[in-house]
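Comments concern the structure below.
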Amino acid sequence: SQSLDGFLVMDYNFDNCSFSDDTGIHDDAIANNPDCVCGINDTGLDITQADQSLRLPKSINTYLSEDFTLSFYFQVRNTGNPASLWSLSKESSIDSMMNIRYLPMQQLISVQLAESIGTFIEMSAEIDPSRCWNHFVLTRQGADYYAYLNGELAAQVGASRPLNFAQDTSIYIANNPGMLPSQDMYEGKIDEVKLFSAFAGSTDVGQLYRRPDQILNVDTTLFLGDALDINMGPSCATSVIWTPGDGVVSTSDLEPTITPTESTTYTVLLGDSFCSATDTIRINVIDSDLLDCQRLLLPKAFTPNGDGLNDTYFISNKFVVDEVQSFEIYDRIGQQVFSAQSKSAEWDGSFKGELLNPGMYLYKIRYTCLGEEFSVANNFSLIR
Numbered sequence: 005s006q007s008l009d010g011f012l013v014m015d016y017n018f019d020n021c022s023f024s025d026d027t028g029i030h031d032d033a034i035a036n037n038p039d040c041v042c043g044i045n046d047t048g049l050d051i052t053q054a055d056q057s058l059r060l061p062k063s064i065n066t067y068l069s070e071d072f073t074l075s076f077y078f079q080v081r082n083t084g085n086p087a088s089l090w091s092l093s094k095e096s097s098i099d100s101m102m103n104i105r106y107l108p109m110q111q112l113i114s115v116q117l118a119e120s121i122g123t124f125i126e127m128s129a130e131i132d133p134s135r136c137w138n139h140f141v142l143t144r145q146g147a148d149y150y151a152y153l154n155g156e157l158a159a160q161v162g163a164s165r166p167l168n169f170a171q172d173t174s175i176y177i178a179n180n181p182g183m184l185p186s187q188d189m190y191e192g193k194i195d196e197v198k199l200f201s202a203f204a205g206s207t208d209v210g211q212l213y214r215r216p217d218q219i220l221n222v223d224t225t226l227f228l229g230d231a232l233d234i235n236m237g238p239s240c241a242t243s244v245i246w247t248p249g250d251g252v253v254s255t256s257d258l259e260p261t262i263t264p265t266e267s268t269t270y271t272v273l274l275g276d277s278f279c280s281a282t283d284t285i286r287i288n289v290i291d292s293d294l295l296d297c298q299r300l301l302l303p304k305a306f307t308p309n310g311d312g313l314n315d316t317y318f319i320s321n322k323f324v325v326d327e328v329q330s331f332e333i334y335d336r337i338g339q340q341v342f343s344a345q346s347k348s349a350e351w352d353g354s355f356k357g358e359l360l361n362p363g364m365y366l367y368k369i370r371y372t373c374l375g376e377e378f379s380v381a382n383n384f385s386l387i388r
């Protein structure tokens, strides 16, 4: 895996209703009357009719015959036959085909790749119906192809050799005029269509995923009387409902302040004219008068893969700690790989700039609580 910085070779983000490539490498996309609506960052495209589509410049095709990463967001409303999100194909032929379709009956994203009949490969990813926006990534390394959905690896397949696609065939977003009769028009939103001239590993894909309609705060613990400001990923919701309402400043705000009086799991329901999504956060409440100084909480494992969840290792219940004298982490052979003197310190799973291997590690912490000194040590797992 490598960082995708510097490898962006196509960027149609449709901000301000523009159809231009923000990298400046390619010409404007040829738009056939798609609607301009709320998107992931600014505006996105809404396809509501069979004659609406977007044709991309053929200059993009050359990047698909090397290692690449294709990334885009979509919000689909189809319920009938398969519908095309991305298509590169010659008159519905299996020769030189790169098709990404939504299968409504199975709630799957299907990827079909072929240079010729003898090189046809296919894989699919299951969609979570509780989401509005979905983020799809297709990435290639040599002859191996990987599909990610919402930051998670969903499928992978190896071809007999790296596939080359026709250079003189147009790529269509949404409805390809030459699509199969068994396909319906695509109906829904498309946004942030990007192409990188490099393979993306799980960390890279996690950094591309912006978690739309999701609570960005992790489950947390507060002292009784303290408040938490909610942070949300991008959302086009026109209605917001937080439940329960106890302690929520405004249950219709997207990012309210919550001051719980007891430990509570809060749920947010987000909706628009076509879609609804939900997410939850658990807020534990501790009475400082009942504080147990010897109960220092650290996770049993963490997953530093760049997806925004459990990416760092740290003291969970910082409210127990007045000061940290030392926070040290050691690998299985006893080498110190991390050291800090702050209760806010976080370890990212690296040592001297290199990512460390999965396995068991040991933490040792000396700290003070209510003026008394304590120490704790235990094992935990690094998972990649």
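Sequential numbering from 5 applies to the sequence shown in our numbering. Glycine residues also receive a C-beta, built at the ideal position from the N, C-alpha and C atoms. Bear in mind that the values here come from a model prediction, so they are computed numbers and not experimental data.
Residue i: first and last residue of the uninterrupted beta strand (DSSP E) it sits in
i	result
S243	S243 to T247
K368	G363 to C373
N382	E376 to L386
N314	Run containing N314: none; DSSP gives neither H nor E here.
L273	T268 to G275
S88	A87 to L92
N288	S280 to I290
R215	First-last for R215: undefined, no H or E at that position.
D15	L12 to Y16
A349	Per DSSP, A349 belongs to no beta strand (DSSP E) and is neither H nor E.
L228	Element bounds for L228: n/a, residue is neither H nor E.
T73	T73 to V80
S330	E327 to Y334
Close-in-space but distant-in-sequence residues of the same chain around residue i (CB under 7 Å, 5 per side omitted)
i	result
L359	G353
F4	In the structure as shown, the chain begins at 5 and stops at 388. Residue 4 is therefore absent and cannot be evaluated.
M364	R336, N383 and S385
I113	I104, Y106, S128, A129, I131, F140 and L153
C-alpha distance - residue i paired with residue j, whole-angstrom precision
i	j	result
F78	T207	21 Å
Q56	P38	5 Å
N382	R336	12 Å
N180	S201	24 Å
Y190	D148	28 Å
G357	N36	48 Å
S5	V115	Confidence is the limiting factor: at S5 the pLDDT is only 46, short of 50, which leaves the residue's position unreliable and the question unanswerable from this model.
D132	F124	27 Å
L157	L8	17 Å
Q339	S379	20 Å
C240	A281	11 Å
D15	W137	19 Å
D257	A204	36 Å
A178	I29	22 Å
R370	R165	55 Å
E350	G84	48 Å
D230	V252	12 Å
L68	E119	11 Å
T247	S134	17 Å
T27	G162	30 Å
Q111	N154	14 Å
G237	I121	42 Å
R214	D195	12 Å
I287	Q160	37 Å
First through last residue of the alpha helix (DSSP H) which encompasses residue i
i	result
L212	S206 to L212
Nonlocal neighbours in the same chain, by C-beta distance under 6 Å from residue i, ignoring five residues either side
i	result
R144	D71 and F72
S243	G275
V80	Y106 and G192
V141	S75, Y152 and V209
F1	With the chain represented from 5 up to 388, any question about residue 1 goes unanswered, as that position is not in the structure.
L366	Y334 and N383
L300	V324 and V380
V272	W246 and D283
Distance between beta carbons of residue j and residue i, contact taken as under 8 Å
i	j	result
D223	I319	Actually they are not in contact, since the Cβ atoms of D223 and I319 sit about 15 Å apart, beyond 8 Å.
Y394	V209	Past the edges of the chain, shown from 5 to 388, lies residue 394, and the structure says nothing about it.
P264	I234	In fact, because the Cβ distance is near 12 Å, the residues do not count as touching under 8 Å.
L199	V13	6 Å
Contacting residues, own chain, Cβ-Cβ under 8 Å from residue i (five flanking each side not counted)
i	result
Q171	K62, N65 and T66
N20	D46 and T47
S343	S330, F331, E332 and I333
L374	L295, C297 and D326
S277	T242
- Message: Please give the ranges of any beta strand (DSSP E) in the stretch 34-70, keeping only runs that are unbroken, at least 3 residues long and fully inside the region.
- Response: 34-36, 39-42, 47-51 and 57-60
- Which runs of the beta strand (DSSP E), 3 residues or longer, sit entirely within the stretch 142-207? 148-153, 156-162, 175-178 and 192-200
- Task: Ignoring anything shorter than 3 residues or poking outside the stretch 101-129, list the beta strand (DSSP E) runs there in chain order.
- Result: 101-107 and 112-118
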